[in-house]
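*Asks:* Sharing a structure here in structure tokens format.
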Amino acid sequence: MFEQMYKQHSGEFELLALASHRAKEPVPWMQQSGYTFPWGLDGDWGDMYGVHGIPHTFFINREGEVVDEHLGEISAEEFEAKLAEITR
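Each residue of the sequence shown is one higher than the one before, counting from 158 in our numbering.
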């Protein structure tokens, strides 16, 4: 779903996926899935944002402020609605 949203709304928002575990090699399933949005490995980001479970989606405005978040799976409809709110 994220790849579809990233392509559909190209230029409207940035998407970054971070793996929660510390690893020296890229996450194989991200590569195998053919994701084109940026992703990386960072073991400290969860503490910084207060992640208590995964998946955990954060919506961050142009000023870098977390304006909304969603814990658990998010539907395409919910994602689109939240994206519309922050890109107005």
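Backbone N, C-alpha and C fix where the C-beta goes; we use that ideal spot for every residue, glycine too.
Computed from a prediction, not measured in an experiment: that's the story for all the values here.
#1: Report the residue from E222, Y163, E237 whose alpha carbon sits nearest the alpha carbon of A174.
#2: CB E319 to CB F216, shorter than 8 angstroms?
#3: Quick one, are the C-beta atoms of M205 and W196 less than 8 angstroms apart?
#4: Would you give the residue range spanned by the beta strand (DSSP E) that F236 belongs to?
*Replies:* The structure says:
#1: Ranking E222, Y163, E237 by Cα distance to A174 puts Y163 first.
#2: Lying before the first or after the last residue shown, residue 319 is absent from the chain, which here runs from 158 to 245.
#3: No, the pair does not count as a contact, with Cβ atoms beyond the cut-off.
#4: DSSP places F236 in no beta strand (DSSP E) but in the uninterrupted alpha helix (DSSP H) bounded by 233-243.
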